[in-house]
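Counted from 1, the sequence shown has number 70 at position 60 by the working numbering; the numbering is strictly sequential.
Beneath this line is the structure, given in structure tokens, with notes to follow.
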Amino acid sequence: MAIIRSFDNVFINGLITAYVVLFRSIPAMVLVVLVYFALPYVGLNLVSTNSVIASLSLLFSAYTTEIFRSGINSVDRFQLEAANALGMGSLQSMRWVVLPQAFRVIIPPLTSVLIDILKTTSIAYVVGVPELIARARQMEGVIGSVTPLIFVSFLYFIIILPVVLFSSRLEKQSRRWSKN
Numbered sequence: 011m012a013i014i015r016s017f018d019n020v021f022i023n024g025l026i027t028a029y030v031v032l033f034r035s036i037p038a039m040v041l042v043v044l045v046y047f048a049l050p051y052v053g054l055n056l057v058s059t060n061s062v063i064a065s066l067s068l069l070f071s072a073y074t075t076e077i078f079r080s081g082i083n084s085v086d087r088f089q090l091e092a093a094n095a096l097g098m099g100s101l102q103s104m105r106w107v108v109l110p111q112a113f114r115v116i117i118p119p120l121t122s123v124l125i126d127i128l129k130t131t132s133i134a135y136v137v138g139v140p141e142l143i144a145r146a147r148q149m150e151g152v153i154g155s156v157t158p159l160i161f162v163s164f165l166y167f168i169i170i171l172p173v174v175l176f177s178s179r180l181e182k183q184s185r186r187w188s189k190n
């Protein structure tokens, strides 16, 4: 959507802008519940897992669209003009000139969105998706101890930690790329 938005079509840009503003303003929990419980009224019955995937895709595609748009806009317009002067078309200059430079800028916020996606998946429990926490609560009831909850919290931390470390590493690397 960000690439399409970079071309000057007022109607399409307006639609994409409306989409981004709408879905960035809806809380994830509200969107998941809305998709899961409201869509059956219009004839779309999704399995709980699919409704979570659909709603989080709608939500985070709006965020990533803005990240890519910012990255594309960060590339100097003279770069695009130089590519056009060399005979490249709009798509060729986007692929070979703009996007490689934009990726350096978008890596840090994109990894942050990835972390947010991982953390937001925990709200899938609202619509009945089996989750580690629910299983830990069952074990807590059987065992009579909070040890399963602590274990699940630790497990969730172990899942997220490599992504956070990878994100930090990419941010440092992108700063080095920016200096060159």
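Ideal Cβ placement from N, Cα and C applies to all residues, glycine included.
Since we're looking at a predicted model, the values are computed, not measured.
Chain-order list of residues whose beta-carbon lies under 6 Å from that of residue i (same chain, five-residue window excluded)
| i | result |
| --- | --- |
| residue 121 | 177, 180 |
| residue 44 | none |
Beta-carbon separation (whole angstroms), residue i vs residue j, contact threshold 8 Å
| i | j | result |
| --- | --- | --- |
| residue 81 | residue 113 | 7 Å |
| residue 153 | residue 116 | Incorrect: roughly 46 Å between the Cβ atoms, too far for contact. |
| residue 100 | residue 17 | 7 Å |
Residue interval of the alpha helix (DSSP H) (run including residue i)
| i | result |
| --- | --- |
| residue 193 | In this structure the chain extends from 11 to 190, so residue 193 is not present and cannot be described. |
| residue 73 | 58–84 |
| residue 40 | 38–48 |
| residue 88 | 87–95 |
| residue 23 | 20–35 |
Helix, strand or coil at residue i according to DSSP, with G and I counted as helix
| i | result |
| --- | --- |
| residue 161 | helix |
| residue 104 | helix |
| residue 154 | coil |
| residue 124 | helix |
Close Cβ partners of residue i (< 8 Å) along its chain, the five nearest in sequence each way excluded
| i | result |
| --- | --- |
| residue 22 | 14, 15 |
At least three beta-carbon pairs within less than 8 Å, the region 85–105 to the region 60–67: no
Cβ pair count under 8 Å reaching 3, the region 35–54 against the region 96–109: no
At least 3 beta-carbon pairs within less than 8 Å: the region 122–130 vs the region 162–172: yes
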